[in-house]
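Encoded as structure tokens, the structure appears first; notes follow it.
Protein chains in written order, with my numbering: chain H, 444 to 558; chain U, 315 to 425.
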């Protein structure tokens, strides 16, 4: 089955630690995204990538880093510089329709908690 | 700056009681408006894409419509399994292809 796989589902981080969230897709989509979801707020874009070895900052990139070494994979690292990392993290991908990227398809999310 | 406002924040309906959810938006040239359904603890599930004013899309008990300023998600004779948070997002013609999301409407259908 085609889809987007995020792992782990739950992640606990100690203060000062870096953690990496995994996102893999087998939909052959060019574009991949990371969003953060907090209660009472809309999804906010952290980083996105449209081609391998290239990515751009979204609205809230500070304290996060990404890589795109393969088309299928777009891992997100939450660094110790991120002051409030506890949130629900969502990875998404979208196909290229002509010259535009269309609807995004989401993974099942990773809930990160700082302990 | 692109903005999306959804109303109401929460809606409780009896099973079979039809209603509509609203998504008002401001965007510098609309490329597409998207509706998603999200269950607790899960990722959003894509429902519809609307591209131009007057367009309508249907899926089972759901129908999405679009004007130049807002979109409605009409729910006809809902069932308890329709309970979820419904998210609206817009994509602008210009910029970085990102989606700007509203905060969602939490819909509860009471048996």
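The C-beta atom is built at its ideal place from N, Cα and C for all residues, glycine as well.
Please state the DSSP three-state secondary structure of residue i.
{"i": "residue 395 of chain U", "result": "helix"}
{"i": "residue 366 of chain U", "result": "coil"}
{"i": "residue 503 of chain H", "result": "coil"}
{"i": "residue 495 of chain H", "result": "coil"}
{"i": "residue 336 of chain U", "result": "strand"}
{"i": "residue 372 of chain U", "result": "strand"}
{"i": "residue 531 of chain H", "result": "strand"}
{"i": "residue 452 of chain H", "result": "coil"}
{"i": "residue 522 of chain H", "result": "coil"}
{"i": "residue 388 of chain U", "result": "strand"}
{"i": "residue 474 of chain H", "result": "strand"}
{"i": "residue 415 of chain U", "result": "strand"}
{"i": "residue 557 of chain H", "result": "strand"}
{"i": "residue 548 of chain H", "result": "strand"}
{"i": "residue 509 of chain H", "result": "strand"}
{"i": "residue 536 of chain H", "result": "strand"}
{"i": "residue 348 of chain U", "result": "strand"}
{"i": "residue 319 of chain U", "result": "strand"}
{"i": "residue 360 of chain U", "result": "strand"}
{"i": "residue 422 of chain U", "result": "strand"}
{"i": "residue 377 of chain U", "result": "strand"}
{"i": "residue 342 of chain U", "result": "coil"}
Please report whether the beta-carbon of residue i lies at a distance below 8 Å from any beta-carbon of chain H.
{"i": "residue 341 of chain U", "result": "no"}
{"i": "residue 420 of chain U", "result": "no"}
{"i": "residue 386 of chain U", "result": "no"}
{"i": "residue 345 of chain U", "result": "yes"}
So is residue i in contact with chain U if we call contact Cβ pairs under 8 Å?
{"i": "residue 550 of chain H", "result": "yes"}
{"i": "residue 474 of chain H", "result": "yes"}
Using 8 Å as the threshold, is the region 375 to 392 of chain U in touch with the region 329 to 345 of chain U, meaning 3 or more CB pairs across them? Counting Cβ pairs under 8 Å, three or more are found: they touch.
Residues in the region 531 to 547 of chain H with C-beta within 9 Å of chain U's C-beta atoms, listed in sequence order? Cβ contacts with chain U come from 531, 533, 534, 535, 537, 543, 544, 545, 546 and 547.
Within the chosen definition, does the region 534 to 552 of chain H reach the region 316 to 332 of chain U through at least 3 CB pairs nearer than 8 Å? Cβ pair count under 8 Å is below three, so no.
Assess contact between the region 451 to 459 of chain H and the region 496 to 507 of chain H, defined as three or more Cβ pairs (one per stretch) separated by less than 8 Å. Is contact present? These segments do not touch.
Closer than 7 Å, Cβ to any Cβ of chain H: which residues of the region 398 to 417 of chain U, in chain order? Those residues of the region 398 to 417 of chain U that come within reach of chain H (Cβ to Cβ, closer than 7 Å) are 410, 411, 412, 413, 415, 416 and 417.
Using a Cβ-Cβ cut-off of less than 7 Å, give me the residues of the region 352 to 364 of chain U that come near chain H, in sequence order. Listed by position along the chain: 356, 357, 358, 360 and 363.
What are the residues in the region 482 to 501 of chain H lying within 9 Å of chain U by C-beta distance? Per Cβ criterion, the list reads 483, 484, 485, 486, 487, 488, 491, 493, 499 and 501.
Stretch pair the region 390 to 405 of chain U + the region 413 to 425 of chain U: three plus CB contacts closer than 8 Å: Here the region 390 to 405 of chain U makes contact with the region 413 to 425 of chain U; the two share three or more CB pairs at distances below 8 Å.
Tell me whether the region 463 to 475 of chain H and the region 369 to 383 of chain U touch, counting them as touching only if at least three CB pairs, one residue from each stretch, are closer than 8 Å. No, the region 463 to 475 of chain H does not touch the region 369 to 383 of chain U.
Looking at C-beta atoms only, is the number of pairs between the region 321 to 331 of chain U and the region 341 to 353 of chain U that lie closer than 8 Å three or more? Result no; under three Cβ-Cβ pairs closer than 8 Å.
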